[in-house]
Amino acid sequence: MHRLFVAIRPPEDIRDALIDAMDDGPELRWVGDEQLHLTLRFVGEVEQPTADDLATALARMRFEAFELRLTGVGRFDQRNGGAVWAGIEPKAPLAALASKVERICQEVGIPAERRAFHPHITLARWKGRSSRAADAFVERARSLSSKPFAVDRFILYESHLSRHGPHYEAMAEYEAG
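Letter by letter, the sequence shown follows residues 5 to 181 of my numbering.
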């Protein structure tokens, strides 16, 4: 089985800005540079034939390059933890690309995504019901922003889970055009 997702990898200067915004609060588990990405579609566990079909179908997909920028931070709260994230704008070209990726996933037999698309880059996670450190970070970093950056490619990743956290391996890269 292969645990896959489709994502955009921000350029190095944007990743540097995100890392610079992070602090060392021990209550939050900050992601490393290698994990900074903007998920277009979490695929999940699939067999090799489906992974191959998805990689081939994504290669046929066409999209035009566009620009994004970082804009603010926020948090997701879940039953037993949550995540702090950086926001992205504009959402329209990103949603259009995610929609194309979603159609490709369904064409190769991957069940439809039920969750609404909320573009973001995860910066940290926590366990437990609430996090004062997350609240403090969101307050401190609410004005996080960046200059526009080009999105001219996306990547099909395989996620390898271990007790040390996830490791992401790029399986294929797809360029605009």
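Note that the Cβ used here is the ideal one computed from N, Cα and C, for glycine as well.
Next on the checklist: For T43 and F80, I'd like the C-alpha separation in whole angstroms.
Outcome noted: Those two C-alpha atoms are separated by around 15 angstroms.
Checklist entry - How close, in whole Å, do the beta carbons of G86 and A145 come, if the pair is a contact with beta carbons under 8 angstroms? => result Not quite, the Cβ-Cβ distance comes to about 16 angstroms (not below 8 angstroms), so this is no contact.
Checklist entry - Run through DSSP, which three-state label would R45 get? => result Of the three classes helix, strand and coil, the one that applies to R45 here is strand, per DSSP.
Next on the checklist: Can you tell me where the alpha helix (DSSP H) holding Q82 begins and where it ends?
Outcome noted: Element bounds for Q82: not the alpha helix (DSSP H) but the beta strand (DSSP E), 70-82.
Item to check | Separation of A90 from V142, as counted between CA atoms | outcome: C-alpha of V142 to C-alpha of A90: approximately 9 angstroms in a straight line.
Checklist entry - Just how far apart, CA to CA, sit K151 and V88? => result Going from the Cα of K151 to the Cα of V88 covers about 21 angstroms.
Next on the checklist: For E117, tell me which candidate among V105, R19, Y172 has the shortest Cα-Cα distance.
Outcome noted: Between E117 and the set V105, R19, Y172, the nearest pair of CA atoms involves V105.
Checklist entry - Which residue or residues does DSSP assign as beta-bridge partners of R7? => result R7 is bridged to E49.
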